[in-house]
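Asks: Protein chains in written order, with this note's numbering: chain C, 12 to 332; chain X, 35 to 289.
#1: By DSSP, does residue 197 of chain C sit in helix, in strand, or in coil?
#2: The alpha helix (DSSP H) spanning residue 109 of chain X covers which residue range?
#3: Sort C/157, C/220, C/164, C/205 by Cα distance to residue 65 of chain C and report the nearest one.
#4: Quick one: what's residue 123 of chain X bridged to in DSSP?
#5: Quick check: what's the CA-CA separation for residue 69 of chain X versus residue 250 of chain X?
#6: So, with DSSP's three-state summary, where would you put residue 188 of chain X?
#7: Report yes if the C-beta distance between residue 164 of chain C and residue 116 of chain C is below 7 Å; otherwise report no.
#8: Just the Cα atoms here: how many angstroms apart are residue 102 of chain X and residue 241 of chain C?
#9: List the residues of chain B whose Cβ lies closer than 7 Å to the Cβ of residue 214 of chain X, in chain order.
#10: Quick one: grab the DSSP three-state call for residue 237 of chain C.
#11: Decide if the stretch 203-222 of chain C is in contact with the stretch 86-93 of chain C; the criterion is three or more beta carbon pairs, one per stretch, under 8 Å apart.
#12: List the residues of chain X whose Cβ lies closer than 7 Å to the Cβ of residue 100 of chain C, in chain order.
#13: Name, going along the chain, the residues of the stretch 215-226 of chain X whose beta-carbon falls closer than 9 Å to a beta-carbon of chain C.
#14: Roughly how many whole angstroms lie between the Cα atoms of residue 41 of chain X and residue 126 of chain X?
#15: Within the present structure, is the beta-carbon of residue 24 of chain C separated from the nearest heavy atom of the ligand HEM by less than 6 Å?
#16: Let me know the secondary structure DSSP gives residue 255 of chain C once reduced to three states.
#17: Roughly how many angstroms separate the alpha carbons of residue 134 of chain X and residue 177 of chain X, rounded to a whole number?
#18: Examine chain X for any beta-carbon lying closer than 7 Å to the beta-carbon of residue 163 of chain C, and answer yes or no.
#19: Could you give the uninterrupted runs of the alpha helix (DSSP H) lying entirely in the stretch 164-211 of chain C, keeping only those of 4 residues or more?
#20: To be precise: take each residue of the stretch 228-241 of chain X, compare its Cβ to all Cβ atoms of chain C, and keep it if any distance is under 7 Å. Which residues remain?
#21: Considering Cα atoms alone, identify which of X/204, X/205, X/245, X/239 is closest to residue 218 of chain X.
#22: According to DSSP, simplified to helix, strand and coil, what is residue 124 of chain C?
#23: Could you tell me which chain X residues have their CB closer than 8 Å to the CB of residue 197 of chain C, listed as they occur along the chain?
#24: Would you say residue 5 of chain X reaches chain C, if we count a Cβ-Cβ gap shorter than 7 Å as a contact?
#25: For residue 14 of chain C, does the three-state DSSP call read helix, strand or coil?
#26: Below 8 Å, can you find three or more Cβ-Cβ pairs linking the stretch 28-45 of chain C to the stretch 142-157 of chain C?
#27: On the DSSP bridge list, what partners appear for residue 265 of chain X?
#28: Considering only C-alpha positions, which residue in the set X/93, X/94, X/114, X/119 is nearest to residue 105 of chain X?
#29: Skipping 5 residues on each side, what residues in its chain have a beta carbon closer than 7 Å to that of residue 40 of chain C?
#30: May I ask you to report which of helix, strand or coil DSSP gives residue 246 of chain C?
#31: Applying the criterion that 16 or more other CB atoms from any shown protein chain within 10 Å of the CB defines a buried residue, is residue 54 of chain X buried or exposed?
#32: Leaving aside the five residues before and after residue 332 of chain C along the sequence, list all residues of the same chain whose C-beta is less than 6 Å from its C-beta, in chain order.
#33: Less than 7 Å between C-beta atoms, sequence neighbours within five positions excluded: which residues of the same chain meet that for residue 201 of chain C?
#34: On a Cα-Cα basis, can you pick out the residue from X/37, X/202, X/191, X/288 that is closest to residue 130 of chain X?
#35: Taking C-alpha atoms, which residue in C/294, C/209, C/319 lies nearest to residue 252 of chain C?
#36: Under a Cβ-count criterion, where at least 16 other Cβ atoms within 10 Å of its own Cβ denotes burial, should residue 287 of chain C be classed as buried or exposed?
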């Protein structure tokens with residue numbers, strides 16, 4: 012049976028409130044139940060804007076075209092109250108800095124209580140604690156009691172990030188959004204968090220959207236990968252296809268820029284990223300090895316590589332691969 | 035045999051934490067960098083990487099041990115002698131923007147580094163343009179302020195300033211960690227090119243083992259203030275001898 016479409020983003024165009032320039036253009040993405048989708052791209056490519064478009068936090072982004080639908084309901088048309096219910100219970104979020112979602116001087120058990128209470132007025136302190144312990148055990152915390160009694164300020168950054176993930180999972184969201192959850196952490200802690208997120212999907216069947224610039228994390232976790240550049244998703248497909256047979260010139264160049272353990276010198280991508288994303292044509296064209304003059308003026312269309320692996324390139328371009 | 039450019043022997047440094055507890059940040063660390071060599075130091079946060087850099091640059095004094103740089107004992111230098119030692123030892127930091135004065139344009143910042151070695155404004159101007167060009171920046175960046183530049187451009191400018199006096203040793207403390215991968219790769223390519231063209235020695239401090247493997251001849255793995263293992267980079271990665279190194283390599287997520 013086909014997995015259910017939990018979140019459908021279609022022809023989404025977004026800008027920042029008060030700004031003219033478009034931050035996201037024609038973004039299409041479907042998140043299916045139980046799947047892990049990784050969004051990869053460099054700073055300024057629109058990853059976090061996408062994150063905010065899904066979370067719909069007030070004042071962050073303005074949808075100018077297209078839609079984000081959760082279980083068929085358009086988030087833009089949703090009343091504020093329902094959106095608030097949806098955040099947390101339907102869509103949970105974990106941010107790069109664990110400090111951003113935790114109160115440093117409030118015991119963690121209290122924060123579990125408040126989170127659960129916000130979605131269910133009948134929750135008691137006792138019940139919240141039981142629930143918290145259950146989740147911490149599922150995530151294999153060695154000493155849940157000690158953690159629940161502690162304040163985030165007493166714990167390490169890695170431990171706090173694990174707590175932030177557990178806390179986001181407490182209301183049992185259908186989708187967990189993670190914005191660079193491992194970037195601020197050491198490699199060994201990072202590996203642990205990746206393991207944990209995978210286990211979480213196994214246990215709860217949670218659909219995960221993970222934003223990262225770390226290809227290693229993608230290689231380990233993703234079912235599907237979306238590559239972003241200049242406010243667009245320029246390539247999308249199953250992990251194996253995108254990582255091992257990248258189609259978009261940007262994805263290919265990105266792969267060569269990643270340092271590996273074999274001593275190969277990573278190759279930089281010449282030029283710099285665009286400050287303003289072009290209205291028409293390809294934002295990567297000025298840095299692209301394969302581009303021609305027309306790339307900067309032609310409309311962008313999807314070229315299907317195979318199955319659901321596609322890449323976005325200017326129309327009528329002979330991609331010559 | 036010629037003396038190494040940098041010879042760190044048995045350096046120990048203890049900090050006193052609040053509450054009187056002692057934290058041994060460096061515990062008998064020894065390390066050498068020969069002329070033209072590129073040496074990596076890897077380890078996780080809290081392993082002592084940055085303390086080591088600060089001891090080598092004499093920003094802090096060690097409790098015991100010696101730091102010999104070009105034959106001079108750094109821990110004993112003061113005043114003018116220390117300043118002249120600094121001419122041969124430059125450092126590049128993690129945050130490119132915060133290493134520049136935000137109110138000075140890049141040209142002025144580089145001029146300050148040039149002043150002791152190049153006299154005359156015209157000569158300095160020429161030299162600034164040449165330096166910028168050598169790190170892949172156009173001449174116009176001399177008039178730019180750090181806030182107007184991207185992280186990668188700023189880090190290039192920091193490199194230009196660092197090599198202005200032709201140092202013998204360049205210490206990079208997480209110099210590319212704040213950059214995007216494609217920009218990081220550009221900067222590593224640049225450092226590699228500088229190294230080949232000038233023969234400057236590098237001490238490359240990073241948490242990223244993969245990055246170190248692409249750039250360094252030898253590597254020291256630091257753990258809890260001690261050198262857990264050291265050797266030729268590819269040897270250490272392919273045949274790690276210590277448990278800690280194995281764990282560190284195992285946790286690098288590869289493609």
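Glycine is no exception: its CB is placed at the ideal position from the N, C-alpha and C atoms.
Replies: Considering the structure as presented:
#1: The count along the first chain starts at 1 and reaches residue 197 of chain C at position 186. In this structure, residue 197 of chain C counts as coil in the three-state DSSP scheme.
#2: In the second chain, residue 109 of chain X corresponds to position 75, counting from 1. Per DSSP, residue 109 of chain X belongs to no alpha helix (DSSP H) and is neither H nor E.
#3: Start at 1 with the first residue of the first chain, and residue 65 of chain C comes out as number 54. Comparing C-alpha distances from residue 65 of chain C to each of C/157, C/220, C/164, C/205 shows the shortest one belongs to C/220.
#4: If you number the second chain from 1, residue 123 of chain X lands on position 89. Residue 123 of chain X is bridged to X/203.
#5: Counting from 1 along the second chain, the entry for residue 69 of chain X is found at position 35. Counting from 1 along the second chain, the entry for residue 250 of chain X is found at position 216. When rounded, the separation of the alpha-carbon atoms in residue 69 of chain X and residue 250 of chain X is 13 Å.
#6: Counted from its first residue, the second chain places residue 188 of chain X at position 154. Here residue 188 of chain X sits in helix by DSSP.
#7: Within the first chain, residue 164 of chain C is the residue found at index 153, counting from 1. Within the first chain, residue 116 of chain C is the residue found at index 105, counting from 1. It is a contact, given that the beta carbons lie within the stated cut-off.
#8: For this step, residue 102 of chain X is matched to residue 68 along the second chain. For this step, residue 241 of chain C is matched to residue 230 along the first chain. Answer to the nearest angstrom: the Cα atoms are 49 Å apart.
#9: The displayed structure is made up of protein chains C and X, and chain B is not among them.
#10: Taking the first chain and counting its residues from 1, the one referred to as residue 237 of chain C is at position 226. Reduced to three states, the DSSP call for residue 237 of chain C is strand.
#11: Contact fails: fewer than three Cβ-Cβ distances are below 8 Å.
#12: Within the first chain, residue 100 of chain C is the residue found at index 89, counting from 1. Those do not exist, as residue 100 of chain C stays about 31 Å from chain X at its closest Cβ, beyond 7 Å.
#13: Going along the stretch 215-226 of chain X in chain order, one finds 215, 216, 217, 218, 219, 220, 221, 222, 223, 224, 226 with a Cβ nearer than 9 Å to chain C.
#14: Start at 1 with the first residue of the second chain, and residue 41 of chain X comes out as number 7. Start at 1 with the first residue of the second chain, and residue 126 of chain X comes out as number 92. Straight-line Cα distance between these residues: approximately 20 Å.
#15: Among the ligands in the structure shown, none appear at all, so the ligand HEM cannot be discussed.
#16: Sequence index remark: in the first chain, residue 255 of chain C carries index 244 (1-based). Secondary structure at residue 255 of chain C: helix, using DSSP grouped into helix, strand and coil.
#17: The residue labelled residue 134 of chain X in the question sits at position 100 within the second chain. The residue labelled residue 177 of chain X in the question sits at position 143 within the second chain. Just so you know, the alpha carbons of residue 134 of chain X and residue 177 of chain X end up roughly 14 Å apart.
#18: As a working mapping, residue 163 of chain C is identified with position 152 in the first chain. No, its Cβ sits nowhere closer than 7 Å to a Cβ of chain X.
#19: Fully enclosed alpha helix (DSSP H) runs of 4 or longer: 168-180.
#20: Residues of the stretch 228-241 of chain X with a C-beta less than 7 Å from any C-beta of chain C: 241, listed in chain order.
#21: Within the second chain, the letter at position 184 stands for residue 218 of chain X. Nearest to residue 218 of chain X by C-alpha distance, out of X/204, X/205, X/245, X/239, is X/245.
#22: Position 113 of the first chain, counted from the first residue, corresponds to residue 124 of chain C. Helix at residue 124 of chain C.
#23: Locating residue 197 of chain C in the first chain gives position 186, where the first residue counts as 1. In chain order: 78, 79, 241.
#24: Because chain X in this structure spans residues 35 to 289, residue 5 of chain X falls outside the shown range and cannot be described.
#25: Locating residue 14 of chain C in the first chain gives position 3, where the first residue counts as 1. Residue 14 of chain C: coil per DSSP, three-state reduction.
#26: Short answer: they don't touch.
#27: Within the second chain, residue 265 of chain X is the residue found at index 231, counting from 1. In DSSP, residue 265 of chain X forms a bridge with X/253.
#28: The count along the second chain starts at 1 and reaches residue 105 of chain X at position 71. Measuring from the Cα of residue 105 of chain X, the nearest candidate turns out to be X/119.
#29: Reading the first chain from its first residue, position 29 is the one you call residue 40 of chain C. Cβ neighbours of residue 40 of chain C within its own chain (closer than 7 Å, five residues either side excluded): 20, 237, 244.
#30: Counting from 1 along the first chain, the entry for residue 246 of chain C is found at position 235. Three-state result, residue 246 of chain C: strand.
#31: Taking the first residue of the second chain as position 1, residue 54 of chain X is located at position 20. Residue 54 of chain X should be labelled exposed.
#32: Position 321 of the first chain, counted from the first residue, corresponds to residue 332 of chain C. Any reading at residue 332 of chain C needs caution, since the residue's pLDDT is 48, under 50, leaving its predicted position unreliable; the model's value is listed next. Spatial neighbours of residue 332 of chain C in its own chain (CB-CB distance under 6 Å, excluding positions within 5 residues in sequence) are not present.
#33: Position 190 of the first chain, counting from 1, holds the residue named residue 201 of chain C. For residue 201 of chain C, where only same-chain residues beyond five positions count, the Cβ hits under 7 Å are 193.
#34: By one-based count along the second chain, residue 130 of chain X stands at place 96. Of the listed residues, the one whose Cα sits closest to residue 130 of chain X is X/191.
#35: Position 241 of the first chain, counted from the start, is the residue given in the question as residue 252 of chain C. Of the candidates C/294, C/209, C/319, the one whose C-alpha sits nearest the C-alpha of residue 252 of chain C is C/319.
#36: By one-based count along the first chain, residue 287 of chain C stands at place 276. Counting Cβ neighbours within 10 Å, residue 287 of chain C comes out exposed, since fewer than 16 surround it.
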